[in-house]
Amino acid sequence: MLTPKGKRGKRPFLLQLQLDNNKLKLLIRSVNADLKKIMIDFKTLSRKQLIEWITSRGHSTYRGRQIFAWLYRPGITEFSQMTDISKKFREELETIATISTLPYTIKETSADGTMKYGFTLSDDHIIESVLIPEEDRNTLCVSSQVGCAMGCKFCLTGTMGFTRNLNPAEIVGQICAVQEDLQSMNMGTVNNLVFMGMGEPLANFENLITSLEILMDDLGLSVSRRRTTVSTCGLVPKIIELGQRIEVNLAISLHAADDETRSQLMPINEKYSISDVINACKQFPLQKRKRIMFEYILLKGINDSDEDARKLGRLLRPIPCKINLLPCNEAPELPYKKPANNRVLAFQKILRDMEYTVFIRTSRGDDISAACGQLANKHTG
Ligand code: SF4
Numbered sequence: 243m244l245t246p247k248g249k250r251g252k253r254p255f256l257l258q259l260q261l262d263n264n265k266l267k268l269l270i271r272s273v274n275a276d277l278k279k280i281m282i283d284f285k286t287l288s289r290k291q292l293i294e295w296i297t298s299r300g301h302s303t304y305r306g307r308q309i310f311a312w313l314y315r316p317g318i319t320e321f322s323q324m325t326d327i328s329k330k331f332r333e334e335l336e337t338i339a340t341i342s343t344l345p346y347t348i349k350e351t352s353a354d355g356t357m358k359y360g361f362t363l364s365d366d367h368i369i370e371s372v373l374i375p376e377e378d379r380n381t382l383c384v385s386s387q388v389g390c391a392m393g394c395k396f397c398l399t400g401t402m403g404f405t406r407n408l409n410p411a412e413i414v415g416q417i418c419a420v421q422e423d424l425q426s427m428n429m430g431t432v433n434n435l436v437f438m439g440m441g442e443p444l445a446n447f448e449n450l451i452t453s454l455e456i457l458m459d460d461l462g463l464s465v466s467r468r469r470t471t472v473s474t475c476g477l478v479p480k481i482i483e484l485g486q487r488i489e490v491n492l493a494i495s496l497h498a499a500d501d502e503t504r505s506q507l508m509p510i511n512e513k514y515s516i517s518d519v520i521n522a523c524k525q526f527p528l529q530k531r532k533r534i535m536f537e538y539i540l541l542k543g544i545n546d547s548d549e550d551a552r553k554l555g556r557l558l559r560p561i562p563c564k565i566n567l568l569p570c571n572e573a574p575e576l577p578y579k580k581p582a583n584n585r586v587l588a589f590q591k592i593l594r595d596m597e598y599t600v601f602i603r604t605s606r607g608d609d610i611s612a613a614c615g616q617l618a619n620k621h622t623g
């Protein structure tokens, strides 16, 4: 019931709004959603950004640090749980800020132990993360965008096109959710992180940097920078900037050793050629004993010949690096085939004879569509 202010000397009139319970709930939900849009989500901020925000409202740096530390403790979803902060300040925060969470909505476990998590975002888009448990480590592959604009021909995400960037809360939220799930199964923690899921991380640069800052912060998730790898298809100016802004491992999706083949597979090569990428890698600051990882998908009859292997070896000569060979993960939507095992081994041998460290990464989670983009494709039709 709303009661507009009556005019002086006259009796106020009453305006009655008759809403049944369901309509009222819908109205409250939509008002709350609108409010959330204008409130700041603390999970999108690095420690430095949060402290700046808190101090700009007249509170101390110490208070900002304290709140940041609360955000990444397990199970913290409300300001009321931050018990060493005054009630008055907590109540003030509740009116201007939120703490988002990103629970997974889909989980599939493969016969080989690989786990695929799907996350439904607030705008109903689905992103995915893949966990690969191994004897000595748990590797999590995270997404940085909904879809991808790069259009690599061998990649299902590339066929979906680009929808939007993920914000830092949506990137870090994937790791938080998987950490919690691992802990509930007594499987330890995520201790190897790779940005190789949906999207091109360097095309979402500022959100990537903020996410990395949160992840590596000892008050955040304390993920080791030596065990965090950002993979790119070759956004050359951003490769150099990444190295200048944050200490992290670099992986390059190369997939061909000459421009003609690479341009057929990866449209980005028309903008930044192989020699541009190699030059950027030469400028990337490497920590002691660290090397750049080059990813090379082996596609039958396209880039898997002996000559391709020799060309690749010659090309990478100036770079301290390792090479990951990935026999193509076949998908009905894509035209590429996996080379025979002896072809893969021959390719590896040529590179090993040229004194490279070369791994063959066999595909995991085939029974749960674990290749990048497969899960989201399946659940969005
Ligand atoms: S391989 Fe990576 S950069 Fe290329 S389309 Fe797929 S997600 Fe995008």
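For the sequence shown, position 212 matches number 454 in the numbering used here, and the numbering has no gaps at all.
The C-beta atom is built at its ideal place from N, Cα and C for all residues, glycine as well.
In this text the structure is predicted, and so the values were computed from the model without any measurement.
How should THR604 be labelled, buried or exposed, when 16 other C-beta atoms within 10 angstroms of its C-beta is the threshold for buried?
exposed
To the nearest angstrom, how far is the alpha carbon of VAL372 from that of GLY439?
8 Å
Are there any heavy atoms of the ligand SF4 lying less than 6 Å away from the beta-carbon of MET324, as far as the coordinates show?
no
Can you find at least 3 beta carbon pairs, one from the region 419-433 and one from the region 388-398, that sit closer than 8 Å?
no
Is any heavy atom of the ligand SF4 found at a distance shorter than 6 Å from the C-beta of GLY400?
yes
The ligand SF4 and MET458: does the residue's C-beta get closer than 6 Å to at least one heavy atom of that ligand?
no
State the Cα-Cα distance for the pair GLU209 and PRO316, rounded to the nearest angstrom.
Given a span of 243 to 623 for the chain in the structure shown, any question on residue 209 remains unanswerable.
Note the first and the last residue of the continuous alpha helix (DSSP H) segment covering LYS524.
516-525
One or two residues paired with GLU350 in a DSSP bridge:
LYS358
Note down the Cα distance separating ALA601 from HIS367, rounded to an integer number of angstroms.
In the sequence on display, residue 601 carries Phe and not Ala. Those two C-alpha atoms are separated by around 34 Å.
Give me the residue from TYR538, LEU408 and ASP460 with the minimum Cα distance to LEU507.
TYR538
Inter-residue spacing [alpha-carbon to alpha-carbon] between PRO527 and ASN491
10 Å
Own chain residues within Cβ distance below 6 Å of ALA445, not counting five before or after
none
DSSP state of LEU424 mapped onto helix, strand, coil
helix
For the beta strand (DSSP E) that contains MET535, what are its first and last residues?
534-540
Just tell me which of PRO574, ALA311 and ILE341 has its CA closest to the CA of ILE231.
Any question about residue 231 goes unanswered here, given that the chain covers just 243 to 623.
Close-in-space but distant-in-sequence residues of the same chain around ASP326 (CB under 7 Å, 5 per side omitted)
GLN308
Quick one, which of GLY555, GLY476 and ASP595 has its alpha-carbon nearest GLU512's?
GLY476
Length of the line joining the Cα atoms of LEU568 and PRO581
10 Å
Mind checking ARG556: buried by the 16 CB within 10 Å criterion, or exposed?
exposed
Just how far apart, CA to CA, sit CYS383 and ASN263?
44 Å
Check whether the Cβ of GLU350 lies closer than 6 Å to any heavy atom of the ligand SF4, and answer yes or no.
no
Span separating the alpha-carbon of GLY462 from that of THR452:
12 Å
How big is the Cα-Cα spacing for GLN323 and SER464?
22 Å
By DSSP, does THR604 sit in helix, in strand, or in coil?
coil
Can you find at least 3 beta carbon pairs, one from the region 338-355 and one from the region 411-418, that sit closer than 8 Å?
yes
Looking at the secondary structure, which residues open and close the alpha helix (DSSP H) in which PRO479 lies?
478-487
Cβ-Cβ separation, THR356 to ILE374 (assumed contact under 8 Å), whole Å
5 Å
Heavy atom of the ligand SF4 within 6 Å of MET357 beta-carbon
no
Any heavy atom of the ligand SF4 closer than 6 Å to the Cβ of MET535?
no
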